[in-house]
Amino acid sequence: MTKQKPSIPQGTRDFLPIETLKRNYIFDSIRNIFQKYAYLPIETPAIEKLSTLMGKYGEEGDRLLFKILNSGDFLKKTTNDDLINKNLSKLTNQLCEKGLRYDLTVPFARFVVQHRNDINFPFKRYQIQPVWRADRPQKGRYREFYQCDVDVVGSNSLLNELELIQIISDVFTVLNINTITKLNNRKILSGIAEIIGESDKIVDITIAIDKLDKIGLDKVYEELRRKNISDDSIKLIEPIINLSGTNEQKIDCLREFLQDSDIGLSGVDEIETMLDYSKLFELNTEIEFDITLARGLNYYTGAIFEVKSKDYAIGSICGGGRYDDLTSVFGLKDVSGVGISFGADRIYDVMSNLDLFPKKSNSSTKLMFVNFGIKEEKHCLPLLAKIRSSGINSEIYPDKAKIKKQMIYANKKGIEYVAMVGEDEINESKIKLKNMNTGKQSLLSIDELILALTF
RNA sequence: GUGGAUAUAGCUCAGUUGGUUAGAGCACCAGAUUGUGGUUCUGGGGGCCGUGGGUUCAAAUCCCAUUAUUCACCCCA
Numbered sequence: 001m002t003k004q005k006p007s008i009p010q011g012t013r014d015f016l017p018i019e020t021l022k023r024n025y026i027f028d029s030i031r032n033i034f035q036k037y038a039y040l041p042i043e044t045p046a047i048e049k050l051s052t053l054m055g056k057y058g059e060e061g062d063r064l065l066f067k068i069l070n071s072g073d074f075l076k077k078t079t080n081d082d083l084i085n086k087n088l089s090k091l092t093n094q095l096c097e098k099g100l101r102y103d104l105t106v107p108f109a110r111f112v113v114q115h116r117n118d119i120n121f122p123f124k125r126y127q128i129q130p131v132w133r134a135d136r137p138q139k140g141r142y143r144e145f146y147q148c149d150v151d152v153v154g155s156n157s158l159l160n161e162l163e164l165i166q167i168i169s170d171v172f173t174v175l176n177i178n179t180i181t182k183l184n185n186r187k188i189l190s191g192i193a194e195i196i197g198e199s200d201k202i203v204d205i206t207i208a209i210d211k212l213d214k215i216g217l218d219k220v221y222e223e224l225r226r227k228n229i230s231d232d233s234i235k236l237i238e239p240i241i242n243l244s245g246t247n248e249q250k251i252d253c254l255r256e257f258l259q260d261s262d263i264g265l266s267g268v269d270e271i272e273t274m275l276d277y278s279k280l281f282e283l284n285t286e287i288e289f290d291i292t293l294a295r296g297l298n299y300y301t302g303a304i305f306e307v308k309s310k311d312y313a314i315g316s317i318c319g320g321g322r323y324d325d326l327t328s329v330f331g332l333k334d335v336s337g338v339g340i341s342f343g344a345d346r347i348y349d350v351m352s353n354l355d356l357f358p359k360k361s362n363s364s365t366k367l368m369f370v371n372f373g374i375k376e377e378k379h380c381l382p383l384l385a386k387i388r389s390s391g392i393n394s395e396i397y398p399d400k401a402k403i404k405k406q407m408i409y410a411n412k413k414g415i416e417y418v419a420m421v422g423e424d425e426i427n428e429s430k431i432k433l434k435n436m437n438t439g440k441q442s443l444l445s446i447d448e449l450i451l452a453l454t455f
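Each residue of the first sequence is one higher than the last, beginning at 1 in this note's numbering.
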């Protein structure tokens with residue numbers, strides 16, 4: 001048998017215990033806050049029917065879907081002509097019926113429609129699961145990563161948007177990350193497109209101005225021209241792209257600019273209401289109304305959110321928005337939803353690079369018994385059981401090895417205390433407890449030991 | 001899908017205009033220390049120099065191909 005070099009597909013990762021503990025700390029923190037705001041958990045399968053996923057994320061998204069080869073005779077539906085001509089899109093349909101989910105929002109829309117009779121609307125759910133994208137990996141970009149979604153469907157109220165802002169603030173407060181939350185509204189973007197007479201090109205326009213801070217003004221104009229936006233139209237948007245000042249100043253300016261666009265004005269009203277309401281409580285994230293925030297996902301229809309770390313550049317660590325019509329493709333009309341997604345993996349990268357994890361998040365064992373041999377381990381096992389039942393994470397070294405080896409094991413595992421029970425201790429009915437941080441040792445009874453480790 | 005960079009020990013990397021037996025740090029194992037970890041000292045195991053071809057008396061080093069990794073673009077968490 002030839003030796004195989006162990007490896008995993010690009011863009012995927014293994015997680016060592018120390019990393020997994022830290023990741024769990026992020027998941028637990030986020031989950032606790034979701035529950036505090038009364039969202040309910042659901043899960044959906046990793047694989048969905050391709051018909052559910054295709055066409056929801058635009059052309060680019062379709063390309064990034066992982067597709068699953070049909071089982072059995074997967075060539076059954078193909079014709080020789082299609083194979084010879086390499087008619088890829090047709091062959092894809094014939095070879096694959098399933099794919100890995102690309103995000104949690106579209107499967108959730110499918111879920112809502114499928115289970116509409118079992119759901120209590122307005123439905124507030126959260127979902128923490130991995131998603132997969134057949135992307136080229138790079139910094140902060142993986143092919144398998146976790147999203148932590150919160151969504152409300154079946155309510156048009158802006159209170160939901162507000163609540164999401166509070167959740168953003170709470171999550172990043174707990175995780176100790178400085179953030180800026182950018183807000184925009186798709187209706188404003190639609191209004192702008194309407195005013196300049198390019199309504200049908202709204203997607204191209206928004207994607208172009210979304211790049212403003214990245215490629216600069218000239219390149220944005222270049223891109224707009226490339227998308228066949230007329231010079232007259234470009235001239236018209238100029239003051240909008242250069243919009244600056246406080247959130248209030250931007251709103252006033254836009255209200256003026258959009259005065260002939262009903263949809264645009266309603267977007268401005270929504271933003272104003274959200275900013276207004278958000279002053280009712282303390283928020284630990286800087287709120288910025290950013291007209292250039294577009295986000296590619298073309299199902300957003302109202303509010304758009306994006307959160308970035310202020311201290312570590314890695315793209316957005318949370319994003320989302322309102323989607324009014326996502327369920328209608330699955331046959332349920334007039335159900336509006338709004339939600340955001342926290343990118344747990346990018347949050348991990350931020351916290352890891354800024355060293356924001358609390359110390360307690362990287363160890364789980366509190367106490368280890370040294371194994372001195374058969375007689376001693378039989379004495380220790382009931383003690384260990386008692387310690388465990390009082391809620392202390394603990395273990396016994398499974399082999400009678402050199403003490404040194406056992407101590408090294410405990411040290412590497414970050415175990416706080418080591419218990420040594422040899423012949424002398426057995427005779428005295430005591431346990432020698434060593435604090436691995438200070439090196440101090442003391443002789444305790446079982447009850448004293450439990451008390452000492454419980455506070 | 002487009003463009004750039006890199007590939008040497010488990011990890012991070014040295015390696016001279018091509019020239020003896022390819023090195024270091026960290027990690028790992030053992031000993032100094034038979035009931036005590038972290039620090040220190042001593043010793044040890046580890047390498048088809050990504051893979052295939054070419055040039056040369058001679059290739060980790062130069063050339064070509066290939067694969068993998070990585071960064072950026074597109075797009076996105």
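The C-beta atom is built at its ideal place from N, Cα and C for all residues, glycine as well.
Classified as buried, Asn184 has 16 or more neighbouring CB atoms from the shown chains inside 10 Å of its CB. Bounds of the beta strand (DSSP E) holding Leu444 are 441-444. When the Cα atoms are used, Ala452 and Asp210 turn out to be separated by approximately 57 Å. Distance check between Ser233 and each of Ser244, Asn242, Asp269, Glu194 places Glu194 closest, using alpha-carbon atoms only.
Taking Leu236 as the centre and dropping the five residues before and after it, the same chain places the C-beta of Ile196 closer than 6 Å to its C-beta, in chain order. The three-state secondary structure of Val112, taken from DSSP, is helix. Asp14 is the residue among Asp399, Leu283, Asp14, Ser389 whose C-alpha sits nearest the C-alpha of Arg143. In summary, Gly315 is exposed, with fewer than 16 beta-carbon neighbours lying within 10 Å of its beta-carbon over all protein chains present.
Look at Ile192 here: in three-state DSSP terms it is helix. The three-state reading of DSSP puts Ser266 in helix, counting H, G and I together. Counting only runs of 3 or more residues that sit fully inside the region 343-428, the beta strand (DSSP E) segments are 367-369, 394-396, 417-420, in chain order. Proximity to Asp334 across Tyr323, Asn427, Tyr348 peaks at Tyr323, based on C-alpha coordinates. Straight-line spacing of the CA atoms in Leu293 and Ser7 works out to 39 Å. In the DSSP assignment, Thr181 falls within the beta strand (DSSP E) that extends over 179-185. According to the DSSP assignment, Asn435 belongs to the beta strand (DSSP E) that extends over 431-435. If only uninterrupted beta strand (DSSP E) runs of at least 3 residues are considered, those enclosed by the region 108-169 are 123-132, 144-153. In the structure shown, Tyr323 adopts extended strand secondary structure according to DSSP, grouped into three states. The beta carbon of Asn176 sits closer than 8 Å to those of Met351, Leu356, all from its chain and outside the five residues before and after it, given in chain order. The residue from Leu83, Phe257, Val113, Ile47 with its alpha-carbon nearest to that of Lys67 is Ile47. Annotated three-state conformation of Pro17 is helix, per DSSP. By the C-beta density criterion, Asn427 is exposed, having fewer than 16 other C-beta atoms within 10 angstroms. Between the beta-carbon of Asp399 and that of Leu354 there is about 40 Å, and that puts the pair past the 8 Å contact cut. Closest option to Ile431, judged by alpha-carbon separation, among Ile240, Ile202, Leu91, Leu444: Leu444.
Along the region 19-72, the beta strand (DSSP E) occurs as fully enclosed runs of 3 or more residues at 47-49, 67-69, listed in sequence order. Here Gly319 is actually not in contact with Phe145; their C-beta atoms are around 13 Å apart, not less than 8 Å.
Leu162 and Gly61 have their C-alpha atoms roughly 29 Å apart.
When C-alpha distances from Val329 are compared across Gln35, Thr173, Leu53, the shortest belongs to Leu53. Pairing Pro122 with Gly154 gives a Cβ-Cβ distance under 7 Å. Counting along the chain, Ala208 sits inside the alpha helix (DSSP H) bounded by residues 202-210. A residue is called buried once 16 or more other Cβ atoms fall within 10 Å of its Cβ, and Thr301 is buried on that count. For Leu224, the uninterrupted alpha helix (DSSP H) segment begins and ends at 217-226.
In the three-state DSSP reduction, Ile271 falls in the helix class (H, G or I). Under the three-pair Cβ rule at 8 Å, the region 263-277 does not count as touching the region 202-221. The three-state reading of DSSP puts Lys98 in strand, counting E and B together. For Phe372, the CB contacts under 6 Å within the same chain, skipping 5 residues up- and downstream, are Gly422 in chain order. Under the three-state reduction of DSSP output, Ser7 falls in the coil class, being neither helix nor strand.
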